[in-house]
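Visitor:
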Amino acid sequence: MKTLTVDLGERSYPIFIGSELVERAELFSEYIAGKQVCIVTNDTVAKLYLAGLEQALSDASREVHSVVLPDGEQYKNLETLNLIFDELLQQRFNRSVTLIALGGGVIGDMTGFAAACYQRGVNFIQIPTTLLSMVDSSVGGKTGVNHPLGKNMIGAFYQPQAVVADVAVLKTLPPRELAAGVAEVIKYGLICDYEFFEWLEANIARVMAGDVDALAYCIERSCQNKAQVVAQDEREGGIRAILNLGHTFGHAIETAQGYGAWLHGEAVGAGMVMALDLSQRMGLISQADLSRAVTLIKRANLPVVAPADMTETQFFELMSVDKKVQDGRLRLVLLNSLGEAFVTSDIDRSLLSQTIGACR
Ligand code: NAD
Ligand code: GLY
């Protein structure tokens with residue numbers, strides 16, 4: 017097992033990465049302060065891993081309760097969030113309760129937000145069960161829900177007490193979900209880790225085949241990169257925005273198609289191609305580098321174009337509600353080279369139109 021640390025002073029926390037960790041309660045018992053535990057999961061993950069976790073946590077001195085939410089991005093909203101509060105209140109859980117998120121990014125984001133809000137803040141632990149949530153959403157403290165007018169628009173920065181990434185649970189993950197996670201893995205190579213990008217070019221077939229060692233390496237390297245960025249800029253005042261490469265385009269795709277139609281990672285895959293296409297049109301990266309990145313994204317079975325039915329107007333409208341917009345000006349993450357991203361509002365509108373036209 018590997019242990020990394022997200023270094024945030026008194027709010028620092030460990031990320032445990034290994035195999036068969038979900039049932040090793042001694043790993044995370046130390047992060048459960050009180051006697052009350054509430055596991056939040058969904059009806060898919062519950063069938064696979066809830067009993068094992070409940071069993072591991074069972075202890076005569078502990079009160080363990082579970083909330084099983086409906087599965088899907090379309091349920092990542094305030095209405096479903098309220099089901100968590102209903103349960104916590106019905107069970108009379110107090111401020112010493114620890115919430116445990118057992119699931120992918122949807123469960124992790126909602127549980128974290130519930131933890132941030134319940135009685136003005138209680139402890140929580142992330143047990144991510146998708147590749148995407150292990151390499152990205154469980155680390156860094158972004159929590160929240162969607163609004164019909166924008167993705168992840170209601171939320172809070174709220175850090176967990178610990179993250180437990182158990183590579184063994186990925187064996188049940190559907191291939192399309194694995195690919196969606198690989199989009200965020202490739203993102204780290206593109207934004208800040210050229211050596212990792214090259215490793216991915218050489219090893220993408222192993223990753224896509226579910227090779228446990230290759231996946232564990234991807235999780236470790238991705239979390240190292242993410243932890244470093246988050247430690248520098250927890251609340252996204254600056255550098256953290258590079259973690260959103262492709263996301264402004266991607267969120268527009270997800271919102272336009274209806275939450276859940278395109279997986280988040282799929283939208284990020286096509287969105288990263290759009291960001292790189294624009295970087296190439298602006299003379300920042302070469303056509304050869306663009307082609308290398310597109311080839312890798314394609315080999316990860318991800319879409320490299322946006323839906324053909326999306327109009328330019330739709331893109332501009334949806335991109336204008338992005339969280340990076342400042343004083344009405346769109347800001348995008350672009351690349352200076354493979355492995356080096358930056359954020360800019362200096363965007364040539366006609367080149368952006370060309371990118372939207374070319375990438376559908
Ligand atoms: P998800 O949570 O919807 O999980 C994908 C699917 O896999 C679901 O059907 C789930 O039930 C199923 N599943 C989960 N674990 C499984 C397992 N081990 N075996 C079989 N099936 C399993 O999707 P996701 O890709 O994990 O997360 C996407 C969400 O994460 C989006 O809402 C996105 O906005 C959010 N996100 C947040 C951050 C952040 O920093 N907080 C970063 C990236 C993405
Ligand atoms: N997924 C982007 C971030 O955590 O900042």
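Residue numbers (our numbering): 17 to 376. Each residue gets a CB set at the ideal place from its N, CA and C atoms; glycine is no exception.
1. How about Val349: is its Cβ closer than 6 Å to a heavy atom in the ligand NAD?
2. If distances are taken between C-alpha atoms only, which option among Tyr204, Thr19, Asp227, Ala184 comes closest to Ser35?
3. Assuming Val185 is part of the alpha helix (DSSP H), what are its boundary residues?
4. Roughly how many angstroms separate the alpha carbons of Gly281 and Lys63, rounded to a whole number?
5. Output the residue ranges of the alpha helix (DSSP H) runs that lie fully inside the segment 203 to 271 and measure 4 residues or longer, sorted by chain position.
6. Using the rule of at least 16 other Cβ atoms within 10 Å of the residue's Cβ for burial, across every protein chain shown, is Asn260 buried or exposed?
7. Would you please state the rounded distance, in angstroms, between the beta carbons of Phe32 and Leu43? I believe it to be under 8 Å.
8. At what residue ranges does the segment 48 to 115 contain a whole run of the beta strand (DSSP E), taking only runs of 3 or more?
9. Between Pro176 and Gly119, what straight-line distance do the alpha-carbon atoms span, to the nearest angstrom?
10. Taking the beta strand (DSSP E) that Glu356 falls in, what are its first and last residues?
11. Can you tell me the Cα-Cα spacing of Gly171 and Val198, whole angstroms?
12. State the DSSP-derived secondary structure class of Ala286, mapped to helix, strand or coil.
13. CB of Leu259 to nearest heavy atom of the ligand GLY: below 6 Å?
14. At what residues does the beta strand (DSSP E) containing Ala172 begin and finish?
15. Rounded C-beta distance between Val151 and Cys234? I'm assuming under 8 Å.
16. According to DSSP, what are the bridge partners of Lys18?
17. Is Lys18 near the ligand NAD - that is, is its Cβ less than 6 Å away from at least one heavy atom of it?
18. Does the segment 353 to 365 come into contact with the segment 297 to 313, if we say contact requires no fewer than three beta-carbon pairs (one atom in each stretch) closer than 8 Å?
19. Would you report the Cα separation of Tyr174 and Ala76, rounded to the nearest angstrom?
20. For Tyr134, which of Thr264, Asn58, Leu104, Leu348 has the nearest alpha-carbon?
21. Three or more C-beta pairs closer than 8 Å, one from the segment 240 to 258 and one from the segment 266 to 279: is that the case here?
22. When we look at the beta-carbon of Lys187 and count the other beta-carbons within 10 Å, is it buried (16 or more) or exposed?
23. Is Gly121 near the ligand GLY, in the sense that its beta carbon is under 6 Å from a heavy atom of that ligand?
24. Applying the criterion that 16 or more other CB atoms from any shown protein chain within 10 Å of the CB defines a buried residue, is Asp343 buried or exposed?
25. Measuring from the CB of Asn219, is there a heavy atom of the ligand NAD at a distance below 6 Å?
26. Does the contact criterion of 3 or more C-beta pairs under 8 Å hold for the segment 114 to 131 versus the segment 52 to 69?
Guide: Reading off the structure:
1. no
2. Ala184
3. Neither: Val185 is in no alpha helix (DSSP H) and is coded neither H nor E.
4. 24 Å
5. 210 to 224, 228 to 248
6. buried
7. 6 Å
8. 52 to 58, 79 to 85
9. 14 Å
10. 356 to 360
11. 25 Å
12. helix
13. yes
14. 166 to 173
15. 7 Å
16. Ile33
17. no
18. yes
19. 30 Å
20. Leu104
21. no
22. exposed
23. no
24. exposed
25. no
26. yes
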